[in-house]
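Student: Position one of the sequence shown corresponds to residue 15 (the numbering used here), numbered consecutively onward.
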Amino acid sequence: MSLPQTQEPKTSRGNSKSIAVINPATEEILGEVARQTADDANKLVAKAKEAFNIWRKTPANVRCHMMHEAAAKMREHKDEIIRLLTLEEGKPVPENEEEFEWLTNTFDYYAELGRHERGRVLPSGEYSQLNMVIKEPYGVAACIIPWNYPLLLMAWKVAPALAAGNTVIIKPSELTPLSSLYIQKHCFDHFPEGVVSTITGYGDEVAEPLVLHPDVPVIAFTGSLAIGQRIASLAAPMMKKLHLELGGKDAFIIAEDADPELAAKALAYAALTNAGQVCTSTERVYLPSSKAKTFTEALIHHVQSLRLGPGIEPTTDMGPMIGATYRDKVVKHIDEAIAKGAKVLTGGRIPKHLAKGYFFEPTVIASVDHSMLIMKEETFGPTIPIMEYNSFDEAIALANDCVFGLGACLLSSDPLKAKLFLEEVKAGTIWINDPLTDNYAGPFGGMKMSGGARELGQEGLDEFRETKHVHWEFNTSAKSWWYPYGQ
Ligand code: NAD
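1) Report the three-state DSSP secondary structure of Trp161 (helix, strand or coil).
2) What residues in its chain sit with their C-beta under 8 Å from that of Ala312, if we drop five residues either side in the sequence?
3) In whole angstroms, what separates the C-alpha of Gln318 from that of Leu425?
4) Output the distance between the C-alpha atoms of Pro457 and Leu475, rounded to the nearest integer angstrom.
5) Any heavy atom of the ligand NAD within a distance shorter than 7 Å of the CB on Ile158?
6) Shorter than 7 Å, the distance from the beta carbon of Trp496 to the closest heavy atom of the ligand ADP, or not?
7) Based on DSSP bridge pairs, tell me the residues matched to Val135.
8) Measuring only the C-alpha atoms, how far is Val439 from Ala467?
9) To the nearest whole angstrom, what separates the beta carbons of Gly361 and Thr377, a pair I think is in contact under 8 Å?
10) Starting from Ala413, trace the alpha helix (DSSP H) in both directions and tell me its first and last residue.
11) Under a Cβ-count criterion, where at least 16 other Cβ atoms within 10 Å of its own Cβ denotes burial, should Ala413 be classed as buried or exposed?
12) For Lys493, count neighbouring Cβ atoms within 10 angstroms of its own Cβ and tell me buried if that reaches 16, exposed if not.
13) Say yes only if the C-beta of Phe503 is nearer than 7 Å to one or more non-hydrogen atoms of the ligand NAD, and no if none qualify.
14) Could you check whether the Cβ of Pro251 sits closer than 7 Å to any heavy atom belonging to the ligand NAD?
15) What are the residues that DSSP puts in a beta bridge with Gly325?
16) Please state whether DSSP places Lys462 in a helix, a strand or coil.
17) Confirm, please, whether the CB-CB distance from His347 to Thr310 is below 8 Å.
18) Any heavy atom of the ligand NAD inside 7 Å of the beta-carbon of Thr214?
19) From Pro429, Glu402, Tyr403 and Thr214, pick the residue whose C-alpha is nearest to that of Asp53; which is it?
20) Determine the direct distance from the alpha carbon of Thr190 to that of Val35, and round the result to whole angstroms.
21) Which of the three DSSP states, helix, strand or coil, is assigned to Trp170?
22) Name the DSSP bridge partner or partners of Cys423?
23) Tell me which same chain residues have a C-beta within less than 6 Å of the C-beta of Ile33, skipping the five on either side of it?
24) Can you tell me the Cβ-Cβ gap for Ala289 and Gly395, rounded? I've got them flagged as a contact below 8 Å.
25) If you compare alpha carbons, which of Glu112, Met168, Leu98 and Val209 is closest to Leu58?
26) What number of angstroms, rounded off, separates the C-alpha of Asn404 from the C-alpha of Glu375?
27) What would DSSP say about His200, mapped onto helix, strand or coil?
28) What is the C-beta distance between Thr294 and Gly333, in whole angstroms, given that I count them as a contact (C-beta under 8 Å)?
29) Which residues mark the beginning and the end of the beta strand (DSSP E) in which Ala34 is found?
30) Compare the C-alpha of Ala177 against each of Trp116, Asn119, Arg70 and Pro251 and name the closest.
31) Verify whether the separation of the beta carbon atoms of Thr329 and Arg321 is less than 8 Å.
32) Quick check: the Cα distance between Pro429 and Arg132, rounded to an integer number of angstroms?
33) Looking at the unbroken alpha helix (DSSP H) that takes in Val502, where does it start and where does it end?
34) Using 8 Å as the Cβ pair cut-off and three pairs as the minimum, do the region 38–45 and the region 92–109 touch?
35) Heavy atom of the ligand NAD less than 7 Å from the Cβ of Cys293, yes or no?
36) In angstroms with no decimal places, state the Cα-to-Cα distance between Pro449 and Ile326.
Listed below in structure tokens is the structure:
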């Protein structure tokens, strides 16, 4: 795979000093944010570096209380935060209520984890010695966030980074900066200056200067494979700590014993939440050929019952996609699959009844194979491509036939199949009978080209801590093995 260059800008830039934020359900401008510059980024790094000397020495209990306070302030502003998220990102309110829960609870979780320990004591080589492993913060962490979960993915980085004693600079996506700016203003204002700051702008204009800055030792990034590769290529020569959460192409295997109605609901939820714009969206479905017809009929029936509309409407099940270029990619994948013999069973079009907004019908597409883009590359839209298998071993081989390894789902009550699945499938998260759930204490992240970072849990805290081994001898006399030898 070649190393891609910076992606084409997703919104037209011009010479403007601001960036318009678009409501993807109406295509109306929601607001404008500053198009900040490399100079602004450098100034923020200087402040964050200065603040690091205060924050790293701040007692863990005090840091803990300040993080709980941030969560409490978010709860005071709950309605406005959810409204902003819904308007700028597009997904339905219940999904943003869930994102809000993740935002606040992640701050509370890491507030406590951060004061729990900072390393361990080892059994030493001699009785007169003490061996300790000390965990230390790195310094300034750049947290670069995508648009699909603007606040959840911010919290999964910022909360552990702060709890570990780092200072942070948040770079939200230029498509969804409003909710992050709101939080910066209303919920982070009690932190000492420079401990948490937010910069708005285009990735290549403000995030790259952070990536390249010698005083930013940690780059925590969630986003596309292409930008992740670019960041890695820039940061690796400087030996920076890279925390990369990249794309996915998750498989969902339905076993023969699964109930068709249940399978339909599980598949639709896994593939269509946030209009399929979840890094762990189901993007490849494998059905047993013996029952494929029954499963497919139930799935089509369920998908056709879903209501498409603006996320802010209480009757909406699925909102719009984030923008036209993202929708174009979905159309391209479907067209290519059709040209190679695939069949759209339902959906597959831009809905006629929604004149404005970047909507796309939830789509079930069959007769696909692994030569097609829709089964190879991240589609990141409301598509459910289904392929049949003849044996469970074949299904597992198909699930593993992918450059990504973020998550994988199975629906089955057969423990032998479940064990085989969890042991053989190469993915960072395995979901058996409960697709796309997370656990604050459980690490989330990918294998293979999904990037190796882990968020949440103890692992999520350790991503923002360096390890130092302290070897301390209390007996200060000379050692028998020092020079000169032979005495
Ligand atoms: P993106 O890679 O286009 O952008 C992500 C962020 O990177 C944005 O803030 C953007 O401004 C910034 N950026 C852009 N160019 C940059 C550059 N040259 N240097 C530094 N930063 C730069 O991704 P996106 O379209 O916002 O988000 C969708 C992608 O995110 C999908 O591929 C999805 O799979 C992935 N994602 C992964 C996870 C995960 O946990 N693995 C979670 C959510 C989303």
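Every residue, glycine too, gets a C-beta built ideally from N, C-alpha and C.
Tutor: Reading it off the structure:
1) coil
2) Pro274, Glu275, Ala277 and Ala278
3) 22 Å
4) 10 Å
5) yes
6) In the structure on display, the ligand ADP does not appear, and the ligands it does have are the ligand NAD.
7) Met146
8) 18 Å
9) 3 Å
10) Phe406 to Asn414
11) buried
12) exposed
13) A question about residue 503 goes unanswered here, because the residues of the chain that appear run from 15 up to 501.
14) no
15) Answer by DSSP bridge pairing: none, since Gly325 is not bridged.
16) strand
17) no
18) no
19) Thr214
20) 7 Å
21) helix
22) Phe266 and Trp445
23) Val47, Arg49 and Glu188
24) 7 Å
25) Val209
26) 30 Å
27) helix
28) At roughly 18 Å, the Cβ-Cβ gap does not stay under 8 Å, so Thr294 and Gly333 are not in contact.
29) Ser32 to Ile36
30) Arg70
31) yes
32) 39 Å
33) With the chain covering only 15 through 501, there is no way to say anything about residue 502.
34) yes
35) yes
36) 25 Å
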